[in-house]
Structures are given as structure tokens and as C-alpha cells.
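Remember, our numbering sits 19 above the position in the sequence shown when you count from 1.
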Amino acid sequence: MPLQDAKSLQDQLKARGVEIILNHNDQTCTRGCAVTVEVHGSENDLPVISEIYTQNFQKLAEGHDVNWERMNAVYDPNQAEATCPACGFTFSTSQSECPDCGLVLG
């Protein structure tokens with residue numbers, strides 16, 4: 020998670036009495052212009068963490084025309100056709116890239 024987003028999440032959770040740890044793991048995180056960190060929390064706090072994370076995501080989606088059904092669709096290469104979650108184009112799963120917008124799914 021980007022460092023600034025993680026710090027904001029940490030502040031929001033602290034206000035709800037939940038502590039999380041931000042950890043930089045050299046194997047999974049980046050440094051430089053886009054610093055990322057891992058977020059560690061207690062399993063008991065997961066419902067509150069999930070609630071805050073979901074609220075933040077919903078705020079980001081406000082004002083955008085989001086097709087949640089399409090966005091939550093799963094690409095299954097065993098099916099004959101798939102619908103691109105980005106543009107809605109239906110195409111054969113013999114292709115792993117949407118021929119309409121170029122999104123790679125496989």
C-alpha cells in the first residue's frame with residue numbers, strides 16, 4: 020500500500036481504537052518515488068479494518084459510473100467467453116487480452 024494511504028488508514032483506525040503496524044519489507048515493498056508498505060493488524064480488528072478500508076474505497080468511487088457486477092466478475096478461462104471488467108466487451112477466452120481495450124486477463 021502506498022505509504023501516505025497507509026498513514027491515513029492508520030490515523031483513521033487509531034481514532035477507532037485500532038492499532039496497525041506499517042512495515043517496509045524489501046521483498047514486497049518499493050522505495051524511491053513511490054514508497055509502499057505492508058499493513059499489519061490483529062485478526063480481532065479485521066472487521067473494523069475492513070469497514071474503514073471499504074468506506075475509503077467507496078469514497079474513491081463516488082461520482083464515477085461503476086458497474087459493480089462487471090467489476091466483480093471473475094475471468095474464467097474454462098468458459099467459452101468472458102466480459103472485460105474494464106470496458107464490457109465480450110470476447111473468446113482463447114485470448115487472454117481484451118481485443119477492445121487491451122486489458123490483459125490471463
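C-beta: ideal position from N, C-alpha, C; glycine also.
Given residue i as reference, the closest of the options once Cα atoms are compared
| i | options | result |
| --- | --- | --- |
| Thr112 | Arg35, Lys26 and Ala99 | Ala99 |
| Ile91 | Asn97, Ala105 and Lys78 | In the sequence as presented, Ile is not what sits at residue 91; that position holds Asn. Of Asn97, Ala105 and Lys78, the residue nearest in Cα terms is Ala105. |
Alpha-carbon to alpha-carbon, residue j and residue i
| i | j | result |
| --- | --- | --- |
| His59 | Phe108 | 38 Å |
| Gln31 | Arg89 | 30 Å |
| Phe110 | Ala101 | 6 Å |
| Val131 | Gly121 | Lying before the first or after the last residue shown, residue 131 is absent from the chain, which here runs from 20 to 125. |
| Trp87 | Ser27 | 25 Å |
| Asp45 | Leu124 | 28 Å |
| Pro96 | Ser115 | 8 Å |
| Ile39 | Gln29 | 6 Å |
| Cys117 | Cys52 | 31 Å |
Residues near residue i by beta carbon distance below 7 Å, same chain, minus five either side
| i | result |
| --- | --- |
| Met20 | Thr55, Val56 and Val58 |
| Asn42 | Val56, Glu57 and His59 |
| Thr47 | Glu57 |
| Ala25 | Leu41, Val56 and Val58 |
Whole-Å CB distance - residue i paired with residue j, under 8 Å assumed
| i | j | result |
| --- | --- | --- |
| Asp119 | Cys103 | 7 Å |
| Asp64 | Val93 | So it is not a contact: roughly 28 Å between Cβ atoms. |
Below-7 Å beta-carbon distance, residue i vs any chain D residue
| i | result |
| --- | --- |
| Arg89 | Of the protein chains in this structure there is only one, and it is not chain D. |
Bridge partners - residue i, DSSP secondary structure assignment
| i | result |
| --- | --- |
| Thr109 | Thr102 |
| Val130 | Because the chain in this structure spans residues 20 to 125, residue 130 falls outside the shown range and cannot be described. |
| Glu57 | Asn42 |
Close beta carbons around residue i, own chain, < 6 Å, minus the five adjacent residues each side
| i | result |
| --- | --- |
| Arg35 | Val67 |
| Ser61 | none |
| Gln23 | none |
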